[in-house]
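To convert a position in the sequence shown, counted from 1, into this note's numbering, add 32. Note that beta-carbon positions come from the ideal geometry of N, C-alpha and C, so glycine has one too. The block underneath contains the structure these notes are about, expressed in structure tokens.
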Amino acid sequence: MNLFYDIEVYPFDAFVVFKDIDKNSKLFHDKNGFEGLAEFIKGHTLIGYNNYFYDDHILAKMLQGWSAAQLKELNDLIIGGNRPKAYNYPFKSLDTFQQIDVAMPGLKKIEGNMGKMILESSVPFDLPRPMKRDEYKEAVAYCAYDVDMT
């Protein structure tokens with residue numbers, strides 16, 4: 033079975049949202065060391081947008097139980113252009129970004145071209161403190177929307 037996914041990383045919070053084709057969702061976060069994540073994805077093909085560049089690297093470290101702070105360091109390296117070397121991750125994934133033309137548009141541009149709402153989160157990715165409950169809910173909703181658009 034295929035699972036669509038997206039990851040968000042903040043200095044004190046990190047999580048991944050999965051959805052199946054019927055949009056049934058599952059959330060894993062760093063607060064419990066991503067407990068159950070490995071079992072949940074076992075045997076599934078994971079589908080993301082630009083996940084070969086970003087999400088697959090982060091997910092591999094989530095599976096190792098990395099903290100939000102450790103994941104944020106890796107996040108910043110990747111965003112800064114220092115992508116880790118790919119290796120054989122313990123999961124199979126497909127990247128829908130690979131099916132897009134050479135203009136390499138971001139997901140938000142594709143959403144606009146499809147006439148969809150372009151949803152952004154007001155929660156800054158460099159938030160210098162743990163998220164408040166309402167910020168966390170907003171960030172998870174933002175992540176889940178990106179999974180839907182993927």
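### Query
Can P116 and L95 be called in contact, C-beta distance under 8 Å?
Position 84 of the sequence shown holds residue 116. Position 63 of the sequence shown holds residue 95. No, Cβ-Cβ distance for P116 and L95 is not below 8 Å.
### Query
Which same chain residues, not among the five before or five after H61, have their C-beta less than 6 Å away from its C-beta?
Reading the sequence shown from its first residue, position 29 is the one you call residue 61. Contacts found: F47.
### Task
Going by CA-CA distance only, name the one from D108, D166, F72, Q131 that's closest to S32.
This structure cannot settle anything about residue 32, because the visible part of the chain is limited to 33 through 182.
### Task
Given a cut-off of 8 Å, decide if D108 and L80 are closer than it, judged by their beta-carbon atoms.
Looking up residue 80 in the sequence shown gives position 48. Looking up residue 108 in the sequence shown gives position 76. The question names Leu, but residue 80 in the sequence shown is Gly. No. Outside cutoff.
### Message
Helix, strand or coil, according to DSSP, for H61 in the structure here?
### Response
Here residue 61 is taken as the residue at index 29 of the sequence shown, counted from 1. If DSSP states are grouped into helix, strand and coil, H61 belongs with the strands.
### Query
Between D54, E40, G97, which lies nearest to D180 when the distance is taken from Cα to Cα?
Numbered from its first residue, the sequence shown carries residue 180 at position 148. Looking at the Cα atoms, D54 is the closest of the given residues.
### Query
Between the beta-carbon of M163 and the beta-carbon of A171, is there less than 8 Å?
On the sequence shown, position 131 is the one that residue 163 refers to. On the sequence shown, position 139 is the one that residue 171 refers to. The answer is yes: Cβ separation under 8 Å.
### Message
Tell me the rounded alpha-carbon separation between D87 and Q102.
### Response
Your numbering for residue 87 matches position 55 in the sequence shown. Your numbering for residue 102 matches position 70 in the sequence shown. D87 and Q102: Cα-Cα distance of roughly 15 Å.
### Query
Which one of I111, S99, A173 has the shortest CA to CA distance from E67?
If you number the sequence shown from 1, residue 67 lands on position 35. Considering only alpha carbons, the answer is S99.
#### Entry: Nearest-angstrom Cα separation, counted from F129 out to N83
Locating residue 83 in the sequence shown gives position 51, counting from the first residue. Locating residue 129 in the sequence shown gives position 97, counting from the first residue. Between N83 and F129, the C-alpha separation is close to 8 Å.
### Task
Could you check how far apart the C-beta atoms of L35 and V49 are, in whole angstroms? I think they sit under 8 Å.
As a working mapping, residue 35 is identified with position 3 in the sequence shown. As a working mapping, residue 49 is identified with position 17 in the sequence shown. In fact, because the Cβ distance is near 10 Å, the residues do not count as touching under 8 Å.
### Message
Please tell me whether G65 and G97 are closer than 8 Å, where the distance is taken between their beta carbons.
### Response
As a first step, residue 65 must be located in the sequence shown, where it is residue number 33. As a first step, residue 97 must be located in the sequence shown, where it is residue number 65. Contact flag set, yes.
### Query
Alpha carbon to alpha carbon, what distance is there between A173 and S154?
Taking the sequence shown and counting its residues from 1, one reaches residue 154 at position 122. Taking the sequence shown and counting its residues from 1, one reaches residue 173 at position 141. Approximately 11 Å between the Cα atoms of the pair.
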